[in-house]
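Comments concern the structure below.
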Amino acid sequence: MGNILVNRERCKACALCTLACPKKLILFSQEANSQGFYPAELSSGEECTGCALCAEACPDVAIEVWR
Ligand code: SF4
Ligand code: SF4
């Protein structure tokens, strides 16, 4: 079981993490950050394996993974 923490202010909503997640658990927030981007967030924490593929895909190093 895992969990991720997205740094909302670093995220530019490029969607690379959403493509990288094998379980398709990452969606976008309904609320924009201060730059006007709608940051990525985990949709269902219970299914996250902590594989960290999302964090590895993020060019802005905006995702922390917890196991
Ligand atoms: S750690 Fe793995 S399972 Fe969890 S959100 Fe990231 S890519 Fe998906
Ligand atoms: S890969 Fe990083 S910058 Fe891109 S949407 Fe995901 S968290 Fe945001």
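For the sequence shown, my numbering puts the final residue at 124, and the numbers step up evenly by one.
We treat Cβ as the ideally placed atom computed from N, Cα and C, and that holds for glycine.
Contact under 7 angstroms by Cβ, residue i with residue j
i      : j      : result
Ala112 : Arg67  : no
Val63  : Ala114 : no
Ile61  : Leu110 : no
Which residues DSSP lists as bridging residue i, in chain order
i      : result
Asn64  : Paired residue(s): none; Asn64 is not in a bridge.
Glu121 : Leu62
Leu136 : Outside the shown range of the chain, which is 58 to 124, sits residue 136, and nothing can be said about it.
6 angstroms Cβ shell around residue i - same chain, five flanking residues per side excluded
i      : result
Thr75  : Ile83
Ser101 : Leu82
Ala77  : Leu110, Cys111, Ala114
Cutoff 8 angstroms; reference residue i; Cβ partners in own chain excluding five residues on either side
i     : result
Ala70 : Phe85, Phe94, Tyr95, Pro96, Ala97
Check: residue i C-beta below 6 angstroms from any heavy atom of ligand 3
i     : result
Ala89 : Although ligand 3 was asked about, the structure shown includes only ligand 1 and ligand 2 as ligands.
Chain-order list of residues whose beta-carbon lies under 7 angstroms from that of residue i (same chain, five-residue window excluded)
i      : result
Val122 : Gly59, Ile61, Gly107, Ala109, Ala112
Arg124 : Gly59, Gly107
Anything with a beta carbon under 6 angstroms from a heavy atom of ligand 1 counts; list them all in chain order. Gly59, Ile61, Ala77, Cys78, Lys80, Leu82, Ile83, Leu99, Cys105, Thr106, Gly107, Cys108, Ala109, Leu110, Cys111, Val122
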